[in-house]
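The structure under discussion appears below in the form of structure tokens.
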Amino acid sequence: MVFRHRLEDMSSAGRFAPSPSGELHVGNLRTAMLAWLFARSTGRRFLLRVEDLDRARAGAEAKQLSDLEAIGVSWDGAVVRQTDRGPLYTEAISRLAAAGLTYECFCTRREIQEAPSAPHAPQGAYPGTCRNLPTAELESRRSERPAAVRLRSAVTEWAVEDTLHGVFTGVVDDFVLRRNDGVTAYNLAVVVDDAEQGIDQVVRGDDLLPSTPRQAYLAFLLNMPVPEYAHVPLVVNADGARLAKRDGAVTLADLASAGVPADAVRRTILDSLGLPGASLDSALSEFDPAALPRQPWIWPGM
Ligand code: GLU
4 MVFRHRLEDM SSAGRFAPSP SGELHVGNLR TAMLAWLFAR STGRRFLLRV EDLDRARAGA
64 EAKQLSDLEA IGVSWDGAVV RQTDRGPLYT EAISRLAAAG LTYECFCTRR EIQEAPSAPH
124 APQGAYPGTC RNLPTAELES RRSERPAAVR LRSAVTEWAV EDTLHGVFTG VVDDFVLRRN
184 DGVTAYNLAV VVDDAEQGID QVVRGDDLLP STPRQAYLAF LLNMPVPEYA HVPLVVNADG
244 ARLAKRDGAV TLADLASAGV PADAVRRTIL DSLGLPGASL DSALSEFDPA ALPRQPWIWP
304 GM
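Residue numbers (the working numbering): 4 to 305.
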């Protein structure tokens, strides 16, 4: 498979890429609305990709898509699912392997936790236990358990540019590309998908900012374009913790049962962004990334 976009795919695009692990809450919906506003206000297409490699729950995808529609987030073309794209990920990992940029790792989570960290290694970085296993040991380890595939990184950090955060430099370690259960790792899939789909603008929650240097470095190694990034503030509860299901009525379904229609939720979210609430289209003309609130939004409840 070749990483060239067909002619009709050449125009630039933004995207929302939910994991179908449960219902979207108002924080996820706010991020989706922001991604839509960023894309549409810059004349981009807006794509929807379901990140179902892991943690997919039956019925969650359909619910997420209908909630996005209810809130006014529309997308172009067909929904793309990561589980349909295995060959693209395999091809990318093969290219890295052919360039000597991968190695097999047999470590358990526990072994990694208990390993002494390498000198000067940043906190939380993989300690490199399996980086240079002798061939004989590789063979015996292979017979014990399946290997994960890690990136043989030549750097320990990498810088990205973010529309809201400016230059952000973060850790790059020998992160996992394919888990030992065969599932493609998120960091690999997201890079391959964004490039292959012609996505050149990534708007998502700022909890993902720390992973972004890894992804940009991987794009660099794969000779893929690095998208423009905007990591937007999360929605938090009254204690400042990331919003979760236990925080009461935080999904459209919960809110609807409490008598709050989707239109009112959209209005409240747009209001939190300083934008007119009549519709997403009406918010578009006033949307200005420079004027966006930079602090987490405390969900006021409805
Ligand atoms: N699927 C990820 C999530 O729902 C988002 C990944 C991304 O936007 O890059 O947290």
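Even glycine gets a Cβ: it sits at the ideal position worked out from N, Cα and C.
Residue i to residue j span [Cα, whole Å]
i    : j    : result
E140 : C108 : 12 Å
D250 : R18  : 27 Å
G89  : T187 : 8 Å
A244 : I272 : 18 Å
E26  : F49  : 21 Å
T105 : R153 : 5 Å
P149 : E142 : 11 Å
G30  : V170 : 25 Å
S77  : P137 : 53 Å
G173 : T215 : 8 Å
C133 : E94  : 23 Å
E54  : A192 : 9 Å
D269 : D242 : For the record, residue 269 in the displayed sequence is Arg; it is not Asp. Their backbone Cα atoms lie some 23 Å apart in a straight line.
P228 : I202 : 9 Å
P292 : F41  : 8 Å
L287 : A294 : 13 Å
L10  : R43  : With a pLDDT of only 42 at L10, under 50, the local geometry of the prediction cannot be trusted, and the value read off the model is given with reservation. Near 21 Å, if we compare the C-alpha coordinates of R43 and L10.
D266 : W161 : 42 Å
V253 : S69  : 16 Å
Q116 : R155 : 19 Å
H28  : A63  : 12 Å
T159 : P213 : 13 Å
S282 : F178 : 42 Å
R113 : E147 : 16 Å
D274 : A247 : 21 Å
T166 : G103 : 34 Å
Buried or exposed by the 16-neighbour rule on C-beta atoms within 10 Å, applied to residue i
i    : result
A261 : exposed
Q126 : exposed
P236 : buried
D176 : buried
Q218 : buried
P230 : buried
P21  : buried
V194 : buried
Q67  : buried
Q85  : buried
R181 : buried
Y58  : Checking the displayed sequence, the identity of residue 58 turns out to be Arg instead of Tyr. Counting Cβ neighbours within 10 Å, R58 comes out exposed, since fewer than 16 surround it.
D197 : buried
D284 : exposed
A128 : buried
T111 : exposed
Secondary structure of residue i, DSSP reduced to three states
i    : result
W302 : coil
L154 : strand
V268 : helix
R47  : coil
R33  : helix
F290 : coil
R134 : coil
R144 : helix
R249 : helix
P21  : coil
A16  : strand
Distance between beta carbons of residue j and residue i, contact taken as under 8 Å
i    : j    : result
L91  : E199 : 6 Å
E289 : P279 : 6 Å
P23  : R52  : So it is not a contact: roughly 11 Å between Cβ atoms.
L37  : I74  : Not really, about 12 Å apart at Cβ, beyond 8 Å.
H234 : H168 : 6 Å
L225 : R98  : 7 Å
V238 : P299 : 7 Å
L211 : N190 : Wrong, their Cβ atoms sit about 10 Å apart, outside the cutoff.
R47  : A81  : Rounded, the Cβ-Cβ distance is 17 Å, inconsistent with contact.
A157 : N183 : So it is not a contact: roughly 24 Å between Cβ atoms.
Legend entry - alpha helix (DSSP H) runs contained entirely in the stretch 160-233, provided each spans 4 or more residues: Taking only runs of at least 4 residues, the alpha helix (DSSP H) segments lying wholly in the stretch 160-233 are 189-199, 215-224.
Inset, instruction - Please list the segments of the beta strand (DSSP E) lying wholly inside the stretch 51-132, counting only runs of 3 or more residues, in order along the chain. - result: 105-108
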